[in-house]
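Numbering-wise, the sequence shown is residues 151 to 571 according to the working numbering. No residue lacks a Cβ here, since even glycine has one placed at the ideal position from N, Cα and C. One structure is given below, encoded as structure tokens.
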Amino acid sequence: MKFKQDISSVKNLSLNFLIWFFFSLLIGAIIGSTVALFLFGLNLVTTIRVSHPIIIFGLPLAGLIIGFIYHYLGGTTNRGNNLLLEEYQSSSETLPLKMVPLIIFGTWTTHIFGGSAGREGSALQIGATLSDQIGNLFPKILKDRKRILLIGIAAGFAAVFGTPIAGFLFSLEIVNRKIKINFQTLLFILLSAYMANYTCHFWKITHTPYHIQLIPEWSFILITKISLCAILFGLTARFFIFLTDNFSRFLNHYIHYPPLIPFVGAILFITIYLAIGDERFLGLGIPTIQESFNIPQLPQVFLLKILFTTITLGSGFKGGEVTPLFFIGATLGSMLSIYFDLPLGFSAAIGFIAVFSGATKTPIACTFMGLELFGASAFPYFLLVSIVSYLLSGDQSIYKSQNHTHFWKLFFAIKNKYKNS
Numbered sequence: 151m152k153f154k155q156d157i158s159s160v161k162n163l164s165l166n167f168l169i170w171f172f173f174s175l176l177i178g179a180i181i182g183s184t185v186a187l188f189l190f191g192l193n194l195v196t197t198i199r200v201s202h203p204i205i206i207f208g209l210p211l212a213g214l215i216i217g218f219i220y221h222y223l224g225g226t227t228n229r230g231n232n233l234l235l236e237e238y239q240s241s242s243e244t245l246p247l248k249m250v251p252l253i254i255f256g257t258w259t260t261h262i263f264g265g266s267a268g269r270e271g272s273a274l275q276i277g278a279t280l281s282d283q284i285g286n287l288f289p290k291i292l293k294d295r296k297r298i299l300l301i302g303i304a305a306g307f308a309a310v311f312g313t314p315i316a317g318f319l320f321s322l323e324i325v326n327r328k329i330k331i332n333f334q335t336l337l338f339i340l341l342s343a344y345m346a347n348y349t350c351h352f353w354k355i356t357h358t359p360y361h362i363q364l365i366p367e368w369s370f371i372l373i374t375k376i377s378l379c380a381i382l383f384g385l386t387a388r389f390f391i392f393l394t395d396n397f398s399r400f401l402n403h404y405i406h407y408p409p410l411i412p413f414v415g416a417i418l419f420i421t422i423y424l425a426i427g428d429e430r431f432l433g434l435g436i437p438t439i440q441e442s443f444n445i446p447q448l449p450q451v452f453l454l455k456i457l458f459t460t461i462t463l464g465s466g467f468k469g470g471e472v473t474p475l476f477f478i479g480a481t482l483g484s485m486l487s488i489y490f491d492l493p494l495g496f497s498a499a500i501g502f503i504a505v506f507s508g509a510t511k512t513p514i515a516c517t518f519m520g521l522e523l524f525g526a527s528a529f530p531y532f533l534l535v536s537i538v539s540y541l542l543s544g545d546q547s548i549y550k551s552q553n554h555t556h557f558w559k560l561f562f563a564i565k566n567k568y569k570n571s
């Protein structure tokens with residue numbers, strides 16, 4: 151009798167494993183296809199904007215439309231990525247399906263009119279929402295909602311940047327540094343990330359290539375230089391978070407009708423743009439990021455990108471922060487290469503990774519993103535700058551609902567727990 155029960159238990163475990171295995175593949179394929187469509191549209195609207203520069207003057211109207219739609223139709227989707235994190239922590243209700251078309255429309259509209267925003271926020275919302283919606287169709291079979299959300303977040307990140315390992319690690323770091331998770335869950339998250347990345351490539355979507363021409367040999371002086379740069383990267387991430395948060399609070403304090411907030415922000419954006427007359431700060435800014443690896447950038451470049459992105463995202467336009475953070479980090483690193491006598495491409499690469507790490511509080515994911523984008527040769531340097539930047543960037547993250555624990559706090563918590571026991 152006991153033998154039959156054991157056989158039945160093994161069969162149930164095997165069936166459960168197969169169900170989750172195929173669910174991960176299915177979700178990865180669906181999210182990869184949706185993100186591919188999103189990126190295709192994003193490339194299209196960017197091409198339209200570049201070909202017709204005058205279109206930027208429609209940004210205030212676009213802001214009014216985005217603000218109106220999100221105010222009257224958005225509901226909880228206004229929380230954006232914070233809603234994903236809150237649902238992971240509380241699991242109160244399924245992410246609304248309308249989040250997908252709203253974020254795609256909002257991001258495309260932001261970019262076609264020149265707003266300085268990214269794309270990762272959109273991909274995370276697409277991934278988590280689709281995974282949650284499909285998982286909710288089979289509540290008796292797919293009972294682990296936290297696993298479902300992690301699968302979707304990893305797939306969205308992997309597809310939008312072409313970095314499945316970083317997507318896998320990002321999904322774990324962003325939700326909770328003290329997360330308890332089993333091997334099967336890790337396997338399914340990784341599987342969905344690779345499937346989403348493969349599917350995106352299947353649809354002929356290519357990701358921006360980056361190259362480091364020279365990686366310096368290890369030395370104490372080099373480590374000192376890199377560490378000093380990493381401190382500046384961390385402080386820059388901290389400044390970016392501070393400025394974006396306070397600009398958003400300022401607008402919300404003085405403007406009581408939400409749809410007007412992006413309208414006012416757009417007018418300020420255009421005013422500064424006309425005063426500067428430089429198109430590098432519109433949209434994603436990919437050409438400038440690539441240029442940073444070959445041409446040293448001036449100090450005002452990363453500062454102006456912070457300003458334009460703060461106005462765009464702080465006033466309620468859609469997209470995300472990560473690609474602007476890449477821009478800020480790469481141009482800052484490119485500029486610092488002159489003062490610290492570092493190889494140009496190498497310095498831009500560590501800035502690219504480190505500012506992102508400090509702003510998102512995901513140093514391990516950022517380290518492996520560096521590996522996937524730039525190769526394994528600089529891996530130790532990516533690890534160093536990611537951790538230092540993370541430690542110097544303060545307690546706040548670009549994701550307000552992120553539940554993270556700094557390394558030193560986690561260390562002392564473990565130490566005290568061990569001491570008390």
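Pair within 8 Å by beta-carbon distance, residue i and residue j
i: L274; j: G306; result: yes
i: A387; j: S342; result: no
i: S539; j: F390; result: no
i: T184; j: L434; result: no
i: F460; j: L533; result: The residue you asked about is not Phe; residue 460 is Thr in the sequence shown. Not in contact: T460 and L533 (Cβ atoms no closer than 8 Å).
i: L209; j: A416; result: yes
i: F502; j: G479; result: yes
i: S272; j: I301; result: no
i: K354; j: F490; result: no
i: I362; j: A499; result: yes
i: S465; j: V414; result: yes
i: L299; j: Y238; result: yes
i: S536; j: C516; result: yes
i: T279; j: V250; result: yes
i: P530; j: S266; result: no
Terminal residues of the alpha helix (DSSP H) in which residue i lies
i: R576; result: Outside the shown range of the chain (151 to 571) lies residue 576, about which nothing can therefore be said.
i: F477; result: 472-490
i: F431; result: Counting along the chain, F431 falls outside any alpha helix (DSSP H), and DSSP gives it neither H nor E.
i: S543; result: No alpha helix (DSSP H) contains S543, which DSSP labels as neither H nor E.
i: S272; result: 270-285
i: L209; result: 209-219
i: S321; result: 314-325
i: Q239; result: 231-240
i: S551; result: It is not in any alpha helix (DSSP H) - S551 carries neither H nor E in the DSSP assignment.
i: S497; result: 494-510
i: A528; result: That residue, A528, is in no alpha helix (DSSP H); it is neither H nor E in DSSP.
i: F255; result: 249-262
Three-state secondary structure assigned by DSSP to residue i
i: I537; result: helix
i: H403; result: helix
i: E441; result: helix
i: P446; result: coil
i: F167; result: helix
i: L372; result: helix
i: G224; result: helix
i: S465; result: coil
i: A186; result: helix
i: S547; result: coil
i: S377; result: helix
i: K567; result: Low per-residue confidence applies at K567: pLDDT is 45, beneath 50, and the placement is therefore not dependable, though the value from the model is reported in the following sentence. DSSP places K567 in helix when its eight states are reduced to three.
i: L292; result: coil
i: T460; result: helix
Best match in the options for proximity to residue i [C-alpha to C-alpha]
i: L385; options: S201, A509, G217, I177; result: A509
i: I276; options: K296, L187, P513, G520; result: L187
i: L252; options: F263, I215, Q546; result: I215
i: F172; options: I339, P493, Q363, H361; result: I339
i: L432; options: I445, Q450, K455, G483; result: K455
i: G469; options: T358, L521, I206, G268; result: G268
i: C350; options: L176, D294, Q334, A309; result: A309
i: N332; options: F320, E367, D294; result: D294
i: I436; options: A316, T481, I405; result: T481
i: I291; options: L523, R199, F167; result: F167
Closer than 8 Å to chain B by CB, residue i
i: T358; result: Here chain B cannot be found, since the structure has a single protein chain.
Checklist entry - What are the complete alpha helix (DSSP H) segments, minimum 4 residues, inside the region 330-369? => result Listed in chain order, they are 333-352.
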